[in-house]
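J.:
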Amino acid sequence: MKKQGFTLIELLAVIVILAVIALISTPLITNTIQTSRKNADRESARSYVSTVKQKITEAMLEYPNLVIGAGPTNATGDAVREWACTNCSADNKVKIEFTGTAPQKATLSWTDEGEVTGMLKYVNGCWKVVNNGDLEEIAKTTSDTTAKTFCGY
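If you read the sequence shown in my numbering, its first letter stands for residue 43, the second for the next number, and so on.
As structure tokens, then:
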């Protein structure tokens with residue numbers, strides 16, 4: 043009577059092949075996930091800066107003598123959804139409503155030329171707002187000590 047099944051050597055060969063495939067693919071998948079998270083945070087930051095610019099511009103049109111106060115600083119959660127001003131509404135806040143993830147930490151300001159400047163920190167990255175709302179990634183190797191302190195490096 044002939045028994046059917048796999049020999050121990052055949053099973054070990056399959057396990058070794060699967061282990062090699064896992065060792066090769068795991069870092070690739072991990073890097074892809076990390077890159078995706080960083081890109082999602084960058085897009086959330088772009089969305090946030092764009093919305094802030096739009097809302098402040100709308101407030102400037104509605105209130106020609108608008109005096110913008112300090113922007114969101116060291117804020118978390120809902121606090122980064124408001125911008126202080128001295129004469130823009132009953133509660134003296136410009137409401138920032140946007141889709142996407144809110145920054146964990148933000149220090150932004152509004153220039154006389156109508157540009158938003160400052161820094162934004164998300165879970166997977168930290169950015170400085172530069173020319174026309176573009177974002178420049180703040181790396182651990184940056185020479186800007188303010189940026190390093192802000193980002194926790």
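Don't be surprised by glycine CBs; every beta carbon is placed ideally from N, CA and C.
Please state whether DSSP places Thr153 in a helix, a strand or coil.
T.: Look at Thr153 here: in three-state DSSP terms it is coil, with no helix or strand label.
J.: Can you give me the C-alpha to C-alpha distance between Val62 and Thr77, rounded to a whole angstrom?
T.: For the pair Val62 and Thr77, the Cα-to-Cα distance works out to about 24 Å.
J.: The alpha helix (DSSP H) spanning Glu104 covers which residue range?
T.: Leu50 to Glu104
J.: Do we get a CB-CB distance below 8 Å when we pair Ile98 with the residues of chain D?
T.: The structure shown contains no chain D; it is built from a single protein chain.
J.: Look up Tyr164 in the DSSP assignment and give the residues it is bridged to.
T.: Gly167
J.: Is it buried or exposed, Gly167, if we count other Cβ atoms within 10 angstroms and call 16 or more buried?
T.: buried
J.: On the DSSP letters alone, give me the boundaries of the beta strand (DSSP E) that Ala126 sits inside.
T.: Glu124 to Ala126 is the extent of the beta strand (DSSP E) around Ala126.
J.: Under a three-way DSSP split, which group does Lys147 fall into?
T.: strand
J.: Please tell me whether Ala181 and Val136 are closer than 8 Å, where the distance is taken between their beta carbons.
T.: no
J.: Taking contact to mean 3 or more Cβ pairs, one atom from each stretch, closer than 8 Å, check whether the segment 138-151 and the segment 83-101 are in contact.
T.: yes
J.: Using the three-state DSSP reduction, which class does Lys182 fall into: helix, strand or coil?
T.: Residue state, collapsed to three classes: coil.
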